[in-house]
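Counting from 1, position 34 in the sequence shown corresponds to residue 39 in the working numbering; the numbering is continuous, with no gaps.
Ideal Cβ positions, reconstructed from N, Cα and C, are used throughout, including at glycine.
All values reported here derive from a predicted model rather than from experimental measurement.
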Amino acid sequence: MRIAVYCSSSEQIDSRYNEQAFELGVEIAGRGWDLVTGGGQFSSMGAVSKGARSKGGHTIGVIPQRLVDIEYADHGSDELHIVDSMRTRKAMMEDLSDAFIALPGGIGTLEELFEIWVGRYLSFHDKPVIILDSFGIYKPLKELVSHLAQEKFLRPGQTDILHWTTSIKEALDVIDAHKNN
6 MRIAVYCSSS
16 EQIDSRYNEQ
26 AFELGVEIAG
36 RGWDLVTGGG
46 QFSSMGAVSK
56 GARSKGGHTI
66 GVIPQRLVDI
76 EYADHGSDEL
86 HIVDSMRTRK
96 AMMEDLSDAF
106 IALPGGIGTL
116 EELFEIWVGR
126 YLSFHDKPVI
136 ILDSFGIYKP
146 LKELVSHLAQ
156 EKFLRPGQTD
166 ILHWTTSIKE
176 ALDVIDAHKN
186 N
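Here it is in structure tokens:
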């Protein structure tokens with residue numbers, strides 16, 4: 006089982022987000038699963054990989070050459086795939102992964118989340134898409150999604166395939182439940 010984690014690479018965020026990312030990596034490895042990330046070494050992205058590796062987990066990073074050139078690459082990854090673009094990165098991460106978890110992040114995280122959510126709805130894949138929101142960062146997004154659904158901008162079923170969770174255990178249990186179906 007390979008779990009993609011979308012998360013922040015900002016070095017300006019509060020340390021609690023990186024601590025949670027580290028713990029998520031620990032728990033992914035603890036279940037015997039591999040971790041797939043965007044291949045960066047900073048902030049939550051680096052923390053989730055370090056957490057997985059601290060428990061012997063296998064980490065796979067996918068990063069564009071442009072980011073490698075400015076020294077963002079997590080060279081500690083067990084596998085580091087260097088690609089030509091962000092589009093190629095996202096496609097490879099999708100192909101490599103069996104489930105997707107979004108931690109708090111910025112526009113890159115949101116873009117990845119929305120793309121993978123749309124892909125799930127359109128049946129390009131049948132993999133769980135999970136938002137892990139222990140700190141309420143995504144509360145306004147959840148309210149917006151609900152509002153869009155009420156106003157009929159979202160089709161029936163679009164909100165049902167997105168799993169909103171508040172703990173690491175809950176997020177990983179969604180994956181367990183999906184793989185057992």
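For residue i, count neighbouring Cβ atoms within 10 angstroms of its own Cβ and tell me buried if that reaches 16, exposed if not.
i, result
"G162", "exposed"
"F119", "exposed"
"A57", "buried"
"V123", "exposed"
"R62", "The residue you asked about is not Arg; residue 62 is Gly in the sequence shown. So G62 ends up on the buried side."
Is residue i near residue j, with beta carbons less than 8 Å apart?
i, j, result
"G51", "D19", "no"
"G44", "G66", "yes"
"C12", "T114", "yes"
"I8", "A104", "yes"
"I136", "H168", "yes"
Quick one: grab the DSSP three-state call for residue i.
i, result
"F158", "coil"
"D178", "helix"
"L85", "strand"
"I18", "coil"
"Y77", "coil"
"H168", "strand"
"N185", "coil"
Using DSSP bridges, identify the partner residues of residue i.
i, result
"T42", "G66"
"R7", "D39"
"F105", "A9, V134"
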